[in-house]
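Taken in order, these protein sequences are the chains called A and B.
Numbered according to this note's numbering, the first sequence spans residues 1 to 389.
Numbered according to this note's numbering, the second sequence spans residues 1001 to 1393.
Even for Gly, the Cβ is constructed at its ideal location relative to N, Cα and C.
The block underneath contains the structure these notes are about, expressed in structure tokens.
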Amino acid sequence: MAQGPSLQVGAQAIPVATESNAIPHGRSYGETRLVQPMVMIRAATGSERLVLQGAADFEGLTIKHAELTPGAWGEGFADRRHPHTYVHELMLLAPDLLRDLHLPAHLSLGLGKGFVPFGTDDPMSRPVERFPVNHHLSQILERAVALAGVQAGPAELEASLFNGDEPQHPDQWPNVSRVGDSWSLRFTLRPVRGFEWEVSRAFVRSPETRDAQGLDASKWSSAVRWDGPVLGKPVYAMLEWSQSTAPGAYTLRSVLFEAQASAGAHQPYFRLERTDRPEEERTLDPFVVLRPIVDNSILGVTRWTIGTLGYAVQAGRIWKVSWRPFVEGSLISVTQVGGGIFNPKVFYGKEQHWSLTGGVRLAWGMGAHRMGRYEQMPDASMAMPMARP
Amino acid sequence: MRRAGAMLLLVAAACHSNDLIGPPVVPGKVILAATVPVVPNYGIHDTYIRDGIAMVCVWNSGLLIYDVGNGIKGGTPYKPVLVGSVVPSADGIGAGPEIHNAWWFWNPTNGQKKYLFLGQEGPGKIGSQSSGDIHVIDVSDLTKPTEVGFFHLAGAGTHNFWMDEAHQILYAAYYDAGVVSIDVSGTLSGDISSRLIDQVAPGTDTDTTYTWGVQLYHGSLYAIDMLSGLTQLSTDSTGALARVAGSDNVETRFSSDLSIDTLAGYVYTGTWDHQQRTGLAGSAVYVWSLSASGAPTRVNSITTTQVGAVSDVKVSPDGKLLMFTTENGPNSGFYFYSLADPAAPSFLAYYQTGSEGIHTGKWAEIGGHLYAFGAKNPTNPALIILDVTGLDN
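Laid out in structure tokens, this is it:
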């Protein structure tokens, strides 16, 4: 029976309090912020022939100066996670163009602003609230992207063209004159339900400069992911490796493992990552890097090893808003890799640090989806692990 | 209900944020002659002025040649007129030609003013890794500059130049490769890498060498190195180089540019503190006296707060004034000091240009006036020309 048109709307926000001593100049610092305030919409024509998927992100209002996040970098910040753009995602999707031909393969197309088919899911849709250091190595997002995907049996191949430039502030749109200067490929294999392996390749033209005058990024990613029952309990686990090379300049690598188990309302989770980060010139505000940059040199590379242990509980609903309080703590090591003048011991005062975050995930309406994938049809595996009851 | 109230309180607290402070305004006794905007690719890095011609190095937009008083196109410092331009090849550097600095070679042996050397500042890791070639530009016709050759040093990139024009030797700071001397006599064409004469590391080992600039003075070549400080090198008419004195003498900050008061025999060096070496705030200009043998001894300093670097240091042609430029902070801009006592410069004027600041500054005497040329950093990069004749009396 044909499915009728549908409209789903949802919203989420996370008030958090974070304290950390992974702070420039050897200080300890704490703050409270409202992060990831979003409104999401998913509208579909009958039988989902066309889908409009959108997400508005209001971090430009609530964390204009970014979120305290040890090891975070990119889009003009360091040691703070940048706010995303107001129009976080606005994709027009044709999830299964060949359905009437009843072929064993499915063809999907997508056009708009959103996630590039590369790497793993956006950290926003994963268990740990604090973004990993490898966000800019393992995901490519908020781009004007044209994508196509072919799925046959357990295999799926996606390809895209997009603009290389990253946004510089929350109200900025992609530089449309650069659409097509960057590309990506992602191959995904799902041999059994719940298990997934992906390998991705991307070339990103000058991501750090809007006018395409900077260094390019040649990227690889591979990950295995489990999202299904283990001993009758829902378990999510993911192991990823990624690498980003600025040809002739430097190579950054990352390995990350994370897992979450659910037992009733209780959801303990864990993440361990080791990620290289480029060190750039900062302004007199030690959390802000110099933009626009005046040359293509970096100060060095640091290696961040962070172990995070967290616990969340599904606390129920108030006024149809689901509550999910959580607390997570991290032990952090920062070391220098190779040459350069950036000395983390001088800059941070020490090489071992800690961080503690507490907050509440608030969600209303439609269930959050796996951010970073535009699949043929939503199903149970498309729900993000941190949102599962 | 109580839980909802607590939630709203937490949300309200989470929306709190802090704002940055603004820069102070300090008026100076200088006149803005001209502002020449450049395409922000990233912008302008350095300027070389000679005979009323300004060779402006504009990163991936290449070289822009302006008449600022020569007369070839009727330009003046108050109304520069573009004469010609060229975008050199990238020489395999992915990020483009990245033109940083220039030296217009006036060859006294044959009277030619044919060659201009351009420095390409490729990607690097400050303190250990660099890239970029020296491009040779034929400027016989200033309206049609043409690239004719290049110098490549494997595993390193070039920075600032100085020339012994009489002996046709180009000295180039080469970051992690130290200092090189290059024979630029005769006709220059194609790959001139084989013209390397000599190479020396100012630091005591390769881990302490990242050389920013050089200047020739009384038979010695002075090198300022980000890691090892100020070093006196010996050189001669053949371009042979050897370390003589100094080095490892600026240990609390990273060093930047240098300039020598050739009349009084003092050296002035800047510091680069975008990344603090030991936690010291602000940036400094160090004053060095030279012994009878030319060995440097630090005798004084000037500290500027709320900036990321002293990005350039220059003594005026008549030795009366010291100019240094600063960037990345509310106190960025041009600073002018009197060298009536060269060991203890005294403040004369400050010209603010916005917190992005000035990347490099150069003097030029044109039509009986003294001008300061500055490379204003993005956002809104521009060539800034100040008439500072009033300071020079």
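Provide the residue span of the beta strand (DSSP E) that contains residue i, from first to last.
i                : result
Y1171 of chain B : I1169 to A1173
H1100 of chain B : I1099 to F1105
S1338 of chain B : G1333 to S1338
S138 of chain A  : Unbroken run through S138 of chain A is the alpha helix (DSSP H), H135 to S138; no beta strand (DSSP E).
L1063 of chain B : L1063 to D1067
K320 of chain A  : No beta strand (DSSP E) contains K320 of chain A, which DSSP labels as neither H nor E.
T1158 of chain B : That residue, T1158 of chain B, is in no beta strand (DSSP E); it is neither H nor E in DSSP.
D1198 of chain B : L1196 to V1200
H266 of chain A  : H266 to E279
S400 of chain A  : Lying outside 1 to 389, the shown extent of chain A, residue 400 of chain A is not represented and no answer is given.
A1177 of chain B : A1177 of chain B -> no beta strand (DSSP E), and no H or E assigned at all.
When you compare only the Cα positions, how much space is there between residue i and residue j?
i                : j                : result
A1102 of chain B : A363 of chain A  : 59 Å
G1149 of chain B : I1137 of chain B : 7 Å
K1114 of chain B : T1208 of chain B : 37 Å
T994 of chain B  : P1342 of chain B : No statement about residue 994 of chain B is possible, as the shown extent of chain B runs from 1001 to 1393 and does not include it.
W241 of chain A  : G1219 of chain B : 56 Å
T1360 of chain B : D1046 of chain B : 6 Å
L92 of chain A   : L147 of chain A  : 10 Å
G367 of chain A  : I41 of chain A   : 10 Å
G1022 of chain B : D171 of chain A  : With a pLDDT of 34 at G1022 of chain B, under the threshold of 50, the modelled position of that residue is not reliable, and no figure is offered here.
Q243 of chain A  : W304 of chain A  : 14 Å
Q36 of chain A   : G1155 of chain B : 45 Å
F115 of chain A  : V51 of chain A   : 15 Å
P27 of chain A   : V1086 of chain B : The identity of residue 27 of chain A in the sequence shown is Arg, whereas the question assumes Pro. Roughly 49 Å separates the two Cα atoms.
G1094 of chain B : P1040 of chain B : 18 Å
V192 of chain A  : M371 of chain A  : 21 Å
H1016 of chain B : L68 of chain A   : With a pLDDT of only 34 at H1016 of chain B, under the threshold of 50, the placement of this residue in the model should not be trusted, and no figure is reported.
Does residue i have its Cβ less than 8 Å from a Cβ in chain A?
i                : result
A1095 of chain B : yes
G1270 of chain B : no
K1362 of chain B : no
N1328 of chain B : yes
K1125 of chain B : yes
G1308 of chain B : yes
P1088 of chain B : no
E1098 of chain B : yes
N1041 of chain B : yes
T1353 of chain B : no
N1060 of chain B : yes
Under DSSP, the alpha helix (DSSP H) around residue i begins and ends at which residues?
i               : result
V346 of chain A : P344 to Y348
G60 of chain A  : E59 to T62
So, is the C-beta of residue i closer than 8 Å to a C-beta in chain B?
i               : result
F77 of chain A  : no
L284 of chain A : yes
I23 of chain A  : no
P247 of chain A : yes
Y348 of chain A : no
G114 of chain A : no
E281 of chain A : yes
D227 of chain A : no
M371 of chain A : no
I140 of chain A : no
F326 of chain A : no
Y250 of chain A : yes
L356 of chain A : no
Out of the options, point me to the one whose CA is closest to residue i's CA.
i                : options                               : result
D1198 of chain B : B:A1177, B:D1191 and B:T1204          : B:A1177
L157 of chain A  : A:L107, A:M124, A:G71 and A:L137      : A:L107
V1030 of chain B : B:Y1174, B:G1333 and B:T1158          : B:G1333
S1234 of chain B : B:A1344, B:F1324 and B:V1200          : B:V1200
V337 of chain A  : A:R277, A:L103, A:F347 and A:L331     : A:R277
I1408 of chain B : B:A1284, B:H1100 and B:T1278          : In the structure as shown, chain B starts at 1001 and stops at 1393, and residue 1408 of chain B therefore has no counterpart that could be examined.
G310 of chain A  : A:P286, A:E351, A:D211 and A:H266     : A:H266
S1181 of chain B : B:D1191, B:G1190, B:Q1168 and B:T1187 : B:Q1168
E1251 of chain B : B:A1264, B:T1271 and B:S1237          : B:T1271
R33 of chain A   : A:R81, A:D122 and A:L290              : A:R81
May I ask you to check if the CB of residue i is nearer than 7 Å to at least one heavy atom of the ligand NAD?
i              : result
P15 of chain A : Of the ligands one can find in the structure shown there are none, so the ligand NAD has no counterpart to examine.
Starting from the beta carbon of residue i, find every residue of chain E whose beta carbon is closer than 7 Å, and list them in chain order.
i              : result
G30 of chain A : The structure shown contains no chain E; its protein chains are A and B.
Note down, in chain order, all residues in the segment 287–303 of chain A with a beta-carbon under 8 Å from any beta-carbon belonging to chain B. L290, P292, I293, V294, D295, N296, S297, I298, L299, G300 and V301
Item to complete: Closer than 9 Å, Cβ to Cβ, to anything on chain A: give me those residues from the segment 1375–1390 of chain B, in chain order.
Response: N1377, P1378, T1379 and P1381
For the segment 1203–1230 of chain B, enumerate the residues whose C-beta is nearer than 7 Å to any C-beta of chain A, in chain order. none
Exercise. What residues in the segment 1257–1291 of chain B bring their beta carbon closer than 8 Å to a beta carbon of chain A?
Worked result: H1274, Q1275, Q1276, R1277, T1278 and G1279
Exercise. Residues of the segment 1119–1152 of chain B with a CB closer than 8 Å to any CB of chain A: list them in chain order, please.
Key: E1121, G1122, P1123, G1124, K1125, I1126, G1127, S1128, Q1129, S1130 and S1131
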